[in-house]
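Read the structure below first, then the notes.
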Amino acid sequence: AELAYRSRFNEITAAHFDALETLRSVLGLPTIPRRIECFDISTIQGSETVASMVACEDGRMKKSEYRKFRIRGLSLGHSQLPTPNSQLGKPDDFAAMREVVLRRYRKSLEEGGPFPDLILIDGGKGQLSAAYEGLETIGLGNLVAVGIAKKEEVIFTRDQADPVVLAE
145 AELAYRSRFN EITAAHFDAL ETLRSVLGLP TIPRRIECFD ISTIQGSETV ASMVACEDGR
205 MKKSEYRKFR IRGLSLGHSQ LPTPNSQLGK PDDFAAMREV VLRRYRKSLE EGGPFPDLIL
265 IDGGKGQLSA AYEGLETIGL GNLVAVGIAK KEEVIFTRDQ ADPVVLAE
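Per our numbering: the sequence shown = residues 145 to 312.
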């Protein structure tokens with residue numbers, strides 16, 4: 145039983161490593177992304193905007209580090225971020241993404257980490273740009289983030305004009 149358990153555990157670990165290595169290669173990352181944090185914005189019944197964050201380390205989901213954020217709009221010095229529902233009652237996913245990324249990593253700065261090797265944003269170029277605005281506001285523009293548009297199966301990066309197309 146112990147031998148079977150170790151064999152299966154080693155296979156799973158190898159599969160996780162292979163997937164992370166493939167991700168590193170496809171995105172041109174300098175190292176394997178051991179810690180990945182993923183963000184998604186959702187509007188409930190057209191009125192309340194929330195964000196969720198999930199985290200994984202070494203290819204394993206860390207449910208204890210999942211987070212949910214209520215989007216409320218933030219004051220940043222003299223400028224005010226628009227509230228998610230500021231445009232004629234319509235949610236503003238870009239402002240929501242900017243806010244949640246800023247809040248998450250401001251707290252990480254205060255607590256001394258952890259910081260991810262890769263931030264995965266659910267959305268395209270606009271959501272990715274909004275996430276980087278939040279990161280740059282607090283001096284963390286050096287973190288690596290990518291946006292994934294699921295319908296098109298493409299990944300957007302800050303450094304490439306054209307998206308990375310995922311193989312089917």
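Even glycine gets a Cβ: it sits at the ideal position worked out from N, Cα and C.
Taking C-beta to C-beta, are residue i and residue j nearer than 8 Å?
| i | j | result |
| --- | --- | --- |
| Leu167 | Thr301 | no |
| Leu262 | Leu173 | yes |
| Phe183 | Val245 | yes |
Which residues does DSSP pair with residue i in a beta bridge?
| i | result |
| --- | --- |
| Ser196 | Asp184, Lys212 |
| Gly291 | Ile265, Phe300 |
| Arg204 | Glu201 |
| Arg247 | In DSSP, Arg247 forms no bridge with anything. |
| Val309 | Val298 |
Below 8 Å on the Cβ atoms is my contact criterion, and I expect residue i with residue j to pass it. Report the Cβ-Cβ distance as a whole number of Å.
| i | j | result |
| --- | --- | --- |
| Arg179 | Glu201 | 5 Å |
| Lys278 | Glu254 | The residue asked about is misnamed: residue 278 is Gly in this sequence, not Lys. About 15 Å; that fails the 8 Å criterion. |
| Met241 | Ile185 | 6 Å |
Apart from the five residues just before and just after residue i, which ones in its own chain have a Cβ nearer than 7 Å to its Cβ?
| i | result |
| --- | --- |
| Lys212 | Val194, Ser196 |
| Pro307 | Val298, Ile299, Phe300 |
| Met205 | Val198 |
Grab me the residues of residue i's own chain with a C-beta within less than 8 Å of its C-beta, minus the 5 sequence neighbours each way, in chain order.
| i | result |
| --- | --- |
| Ile292 | Leu264, Ile265, Asp266, Gly267, Val298, Ile299, Phe300 |
| Phe137 | The first residue shown for the chain is 145 and the last is 312, placing residue 137 beyond what the model contains. |
| Ser252 | Pro258, Phe259 |
| Gln231 | Interpretation of Gln231 is limited by its pLDDT of 48, a score under 50 that renders its predicted location unreliable; no figure is taken from the coordinates. |
In chain order, what residues of the same chain have a beta carbon less than 6 Å from the beta carbon of residue i, not counting five sequence neighbours either side?
| i | result |
| --- | --- |
| Ser208 | none |
Should residue i be labelled buried (16 or more other beta-carbon atoms within 10 Å of its own) or exposed?
| i | result |
| --- | --- |
| Ala289 | buried |
| Glu181 | buried |
| Asp303 | exposed |
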